[in-house]
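Okay, structure first, notes after.
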Amino acid sequence: MVSAFNALLNLTWWIDTQGILVFLCVVLLVKYLSDTRPKNLPPGPLQLPIIGNLLDISFRDPIRSFEKIYEKYGGVNTLYLANQDCVLLSGYKSFKEAFVEKGDIFSDRASYPLNDRLSRGLGLISSSGHMWRQQRRFVLSTLKNFGMGKKILENSILQESHYLCEALNSHQGLPFDPHRTLTNAVANIICSLVFGHRFEYDDHYFHQILQYSDEVFQLPMTGWGRLYNKFPTLMSWLPGRHQRAFANLSKVKRFIQEEIQKHKQDRNPDNPRDYVDCYLEEIEKCKDSQAEFTEENLVWCVVDLFGAGTETTFNTLRWAMLYMAKYPAVQEKVQAEIDHVIGQTRPPSMDDRSRLPYTYAVTHEIQRFSSVVPFAPPRVANKDTTVAGYLIPKGMMIVPFLNPILQDKHEYSTPDKFNPEHFLDENGRFVKRENFIPFSIGKRMCPGEQLARMELFLFFTSLMQRFTFHAPEGQTLGLERTVGITLGPRPFQIRVVPR
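The sequence shown runs 1422 to 1920 under the working numbering.
Right, here's the structure in full:
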């Protein structure tokens, strides 16, 4: 009796399994026969019904998944992500064709559920068209007026470097996690430009805001963010990390709104102190026009400056500490060059770059090897066009993948190794590489590139002038990375020993 019952169960299971397989085959056949997409789209992996290429992208290491797709299908390939077809674009030649030669076609941002939920097309990163051009032009001119690319900003960074060195020195060479201190230092440069003041390293409220901003900024590349893009209605109701990030975004916005209110109360229109003052003045000038200068847009512009301006540079500096401790021969050579050219008393300056070719090459190799920003924010084609001979239809989302460009084995002799010689010629002189584009290229390349380069060089040189970095006694430092919009190292402890 029992054996007969088990046989019946097995038969039922077989029938159910066969039924499911038949159903999936029918769905795939219908999808194939009804597919009205153009046939000369870029190649790509098989797209499954409903979920598209969701299973092709690992939740644990999505960057490696995209690298495998690039390796198999080339620099221009088609995926179904965020409920729509998109093109994963990589390779310097393809980037140059799309974002420089056809920059006007690919200058708008793509629309997808998570981005729409977070920013609603406002600010600097997510806006498009006339609004984006207005906001970008304004931020570039305003930050330039307040010192970007000038000696006044250089002095501000050096002053912050002094505070940073004091904070690091207080640990007396004992192991500690530098995450919080480095974040505060880098964020203070943006805060000085945007708010007109810095925050002390022991300001608990400010550290909370930095943590909230980090969670929001990293959300799109997490499993929660990708599930939200795939099932936005369902995920809007379900609890999870995405809901916490939405709540934290409200706290960051409230912090910025408090700063704006302070500026409203004590600003002098004839003597603007910072970006917020200038933007408030622009709102007054444009209130009767169709311009998109509003207080809500101001909040979002500051959110973008705050997030993007902090995340990339502070993570690069964390990698710099790790690499110097991991590769002591490189660290010693950097310190010897700094000692010879600058000494240990005079602070560095941007004018020293040409006389510090090895140090300058190391800062570039840190950016190349860490590849802190693996993707540029998605674009969308505003009309039918081609890239690398493949059709890119109007409305197609473009996902720019920077990682393979910085790891190109045809450009770098040892792309999988940390090797500053990639940026030096046979005579030890610095070599500028055309395909070194960690800030992307074209009309929508990072507007803060000049600031980030200045910060990285001055902070790094100041730290190497004052300290030597070591792993904690008896420990080996790893180079594992976190998953997010920016690729930072996993939390680590390090010894920062005064020289």
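Think of the CB as a built atom: it goes at the ideal place given N, C-alpha and C, for glycine as much as any other residue.
Just so you know, these numbers come straight off a predicted model, no measurement behind them.
- Query: In three-state DSSP terms, what is residue 1794?
  - Reply: One-based indexing of the sequence shown puts residue 1794 at position 373. Looking at residue 1794 - three-state DSSP - the assignment turns out to be coil, as it is neither helix nor strand.
- Query: Run through DSSP, which three-state label would residue 1723 get?
  - Reply: Sequence index remark: in the sequence shown, residue 1723 carries index 302 (1-based). In the displayed model, residue 1723 falls within a helix according to three-state DSSP.
- Per-residue DSSP class, three states only, for residue 1856: Along the sequence shown, one-based indexing puts residue 1856 at 435. In the structure shown, the three-state DSSP call for residue 1856 is coil.
- Message: Please return the same chain residues whose Cβ sits closer than 7 Å to the Cβ of residue 1649, not counting the five positions on each side in sequence.
- Response: Start at 1 with the first residue of the sequence shown, and residue 1649 comes out as number 228. Excluding residues within five positions, the ones whose Cβ falls inside 7 Å are 1534, 1535, 1656, 1663.
- Are there 16 or more other CB atoms within 10 angstroms of the CB of residue 1452, so buried, or fewer, so exposed? Residue mapping note: residue 1452 aligns to position 31 of the sequence shown, counting from 1. Low local confidence applies: a pLDDT of 46 at residue 1452 is under 50, so the model's placement there is unreliable, with the coordinate-based value given in what follows. By the 10 Å Cβ count, residue 1452 comes out exposed.
- Message: Using DSSP's beta-bridge definition, name the partner residues of residue 1507.
- Response: Locating residue 1507 in the sequence shown gives position 86, where the first residue counts as 1. Per DSSP, 1500, 1818.
- Message: Which of the three DSSP states is assigned to residue 1567 in this structure?
- Response: Position 146 of the sequence shown, counting from 1, holds the residue named residue 1567. Note: residue 1567 maps to coil in three-state DSSP.
- Continuous alpha helix (DSSP H) assignments of at least 4 residues falling wholly in the segment 1520-1604: Note on the segment 1520-1604: whole alpha helix (DSSP H) runs with a minimum of 4 residues are 1534-1540, 1550-1566, 1572-1590, in chain order.
- Query: Going by DSSP, what residues sit across from residue 1663 in a beta bridge?
  - Reply: As a position in the sequence shown, residue 1663 is number 242, starting the count at 1. Residue 1663 is not bridged to any residue.
- Message: Considering Cα atoms alone, identify which of 1598, 1855, 1469, 1755 is closest to residue 1849.
- Response: As a working note, residue 1849 is residue 428 in the sequence shown. Measuring from the Cα of residue 1849, the nearest candidate turns out to be 1755.
- For residue 1771, which residues from the same chain have a beta carbon less than 8 Å from its beta carbon, with the 5 sequence-adjacent residues on both sides left out? Here residue 1771 is taken as the residue at index 350 of the sequence shown, counted from 1. Once the five neighbours on either side are set aside, the close Cβ partners of residue 1771 are 1575, 1875, 1878, 1879.
- If we ignore side chains and look at the alpha-carbon of each, how far apart do residue 1933 and residue 1804 end up? Only positions 1422 to 1920 of the chain appear in this structure, which leaves residue 1933 out of reach.
- What is the DSSP secondary structure of residue 1845, counted as helix, strand or coil? On the sequence shown, position 424 is the one that residue 1845 refers to. Three-state DSSP puts residue 1845 in a strand.
- Query: What separation, rounded to the nearest whole angstrom, lies between the Cα atoms of residue 1645 and residue 1788?
  - Reply: Within the sequence shown, residue 1645 is the residue found at index 224, counting from 1. Within the sequence shown, residue 1788 is the residue found at index 367, counting from 1. Whole-angstrom Cα-Cα distance: 27 Å.
- Nearest to residue 1866 by CA position, among 1830, 1838, 1821, is which residue? Taking the first residue of the sequence shown as position 1, residue 1866 is located at position 445. Per the Cα distances, 1821.
- Task: Leaving out five residues on either side along the sequence, give the residues of the same chain with a beta carbon under 6 Å from the beta carbon of residue 1892.
- Result: Along the sequence shown, one-based indexing puts residue 1892 at 471. 1746, 1898.
- How many Å lie between residue 1447 and residue 1673 at the Cα? Sequence index remark: in the sequence shown, residue 1447 carries index 26 (1-based). Sequence index remark: in the sequence shown, residue 1673 carries index 252 (1-based). Because the pLDDT of residue 1447 is 48, which lies under 50, any placement of that residue in the model is unreliable, and the question is left without a value.
- Message: So within the segment 1857-1899, which uninterrupted beta strand (DSSP E) runs reach at least 3 residues, ignoring any that extend past its ends?
- Response: With a minimum length of 3 residues, the continuous beta strand (DSSP E) runs that stay inside the segment 1857-1899 are 1888-1891.
- Item | Backbone secondary structure at residue 1826 - three-state DSSP | Walking along the sequence shown from the start, residue 1826 turns up at place 405. Note: residue 1826 maps to helix in three-state DSSP.
- Task: Indicate the three-state DSSP secondary structure (helix, strand or coil) for residue 1811 in the structure shown.
- Result: Counting from 1 along the sequence shown, the entry for residue 1811 is found at position 390. Here residue 1811 sits in strand by DSSP.
- Query: Quick one, which of 1830, 1912, 1806, 1517 has its alpha-carbon nearest residue 1862's?
  - Reply: Counting from 1 along the sequence shown, the entry for residue 1862 is found at position 441. Shortest Cα-Cα distance from residue 1862 to any of 1830, 1912, 1806, 1517 involves 1517.
- Pick helix, strand or coil for residue 1904, following the three-state DSSP scheme. For the purposes of this step, residue 1904 is taken as the residue at position 483 of the sequence shown. In the displayed model, residue 1904 falls within coil according to three-state DSSP, outside both helix and strand.
- Item | Contact set for residue 1578: own chain, Cβ-Cβ below 8 Å, skip 5 residues either direction | In the sequence shown, counting from the first residue as 1, residue 1578 sits at position 157. Hits under 8 Å: 1610, 1875, 1876, 1879, 1880.
- Query: Using the C-alpha atoms, what's the distance from residue 1466 back to residue 1627?
  - Reply: What you label residue 1627 is simply residue 206 of the sequence shown in a count that begins at 1. What you label residue 1466 is simply residue 45 of the sequence shown in a count that begins at 1. Computed Cα separation, rounded: 45 Å.
- Query: Along the chain, where does the alpha helix (DSSP H) that runs through residue 1463 open and close?
  - Reply: Your numbering for residue 1463 matches position 42 in the sequence shown. Counting along the chain, residue 1463 falls outside any alpha helix (DSSP H), and DSSP gives it neither H nor E.
- Assuming residue 1462 and residue 1499 form a contact by the criterion Cβ under 8 Å, report the distance between their Cβ atoms to the nearest whole angstrom. Walking along the sequence shown from the start, residue 1462 turns up at place 41. Walking along the sequence shown from the start, residue 1499 turns up at place 78. Indeed they touch by this definition, with Cβ atoms about 5 Å apart.
- Task: Just confirm the distance between the C-beta atoms of residue 1801 and residue 1531, as a whole number of angstroms; I'd bet it's less than 8 Å.
- Result: Position 380 of the sequence shown, counted from the first residue, corresponds to residue 1801. Position 110 of the sequence shown, counted from the first residue, corresponds to residue 1531. Right, the Cβ-Cβ distance comes to about 4 Å (below 8 Å), so this counts as a contact.
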